[in-house]
Structure formats: C-alpha cells, structure tokens
Amino acid sequence: MFRPPGQCPACGEWVPRGAVACDDCGACDRSGWKSERAVYDGLDLPDEDFDYNEFVEREFGQEKTGPRVSREIFWRWVAAIVLAVMILGYIMSAF
Ligand SMILES: [Zn+2]
2 MFRPPGQCPA CGEWVPRGAV ACDDCGACDR SGWKSERAVY DGLDLPDEDF DYNEFVEREF
62 GQEKTGPRVS REIFWRWVAA IVLAVMILGY IMSAF
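For the sequence shown, the numbering used here assigns the number 96 to the last residue and increments by one with no breaks.
The structure is reproduced here in structure tokens:
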C-alpha cells in the first residue's frame, strides 16, 4: 500500500508527507490510491437509465473534487485570455 510522501500511484503527482489524499486526482487510502478519473473513464457510455442529476452530483458535489474542477476552469480561462491577447497582437502588428 502506498504511503506518502511519494509519487501518487494513480497520476504520478507528488503527494506530500501526511497527506491523506492526492491533491491532483483525489486518490486516497480508502480508494486504494486509484485515480477516480480512471474509474470514470472506464465506465460505459450512459444508457437510458442514466441519471444526469446523480452524475452531476457525483462529479461536482463531492468536496474533494471541487478544487480540481475549479482549477481546470481557471486554466481554461487563462488559455482563452492568452489566445485572445495573441490574436489581438497579431491584428495590431498587421497595421
Ligand atoms: Zn494522484
């Protein structure tokens, strides 16, 4: 069984000493240090019984997945702004 400090067995991110779960992927002692993302990726496509509300709750309702989601949104915004600045710079230099 994995014990911090060390590299997360699920995602390879460094897990600091005393941490109970991986900051990056949420893997923890309880889940056996398996990436939750990997578990979700392994799911079959939603069938007719697929409950969207339950899915959202599972994906976004848990506290430990919160920071990860907001971080992804943050970097998406950073990427969008950088792209916009680059396009703006290109247009400016054309005149
Ligand atoms: Zn991890």
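All C-beta atoms in this analysis are idealised placements derived from N, C-alpha and C, irrespective of residue type, glycine included.
{"Asked": "For V57, the first and last residue of its enclosing alpha helix (DSSP H)", "Found": "Y53 to V57"}
{"Asked": "According to DSSP, residues forming a beta bridge with A22", "Found": "C29"}
{"Asked": "Distance CB(D24)-CB(E14) smaller than 8 Å", "Found": "yes"}
{"Asked": "With 16 other Cβ atoms within 10 Å as the buried cut-off, status of G33", "Found": "exposed"}
{"Asked": "8 Å Cβ cutoff met for P6 and R18", "Found": "yes"}
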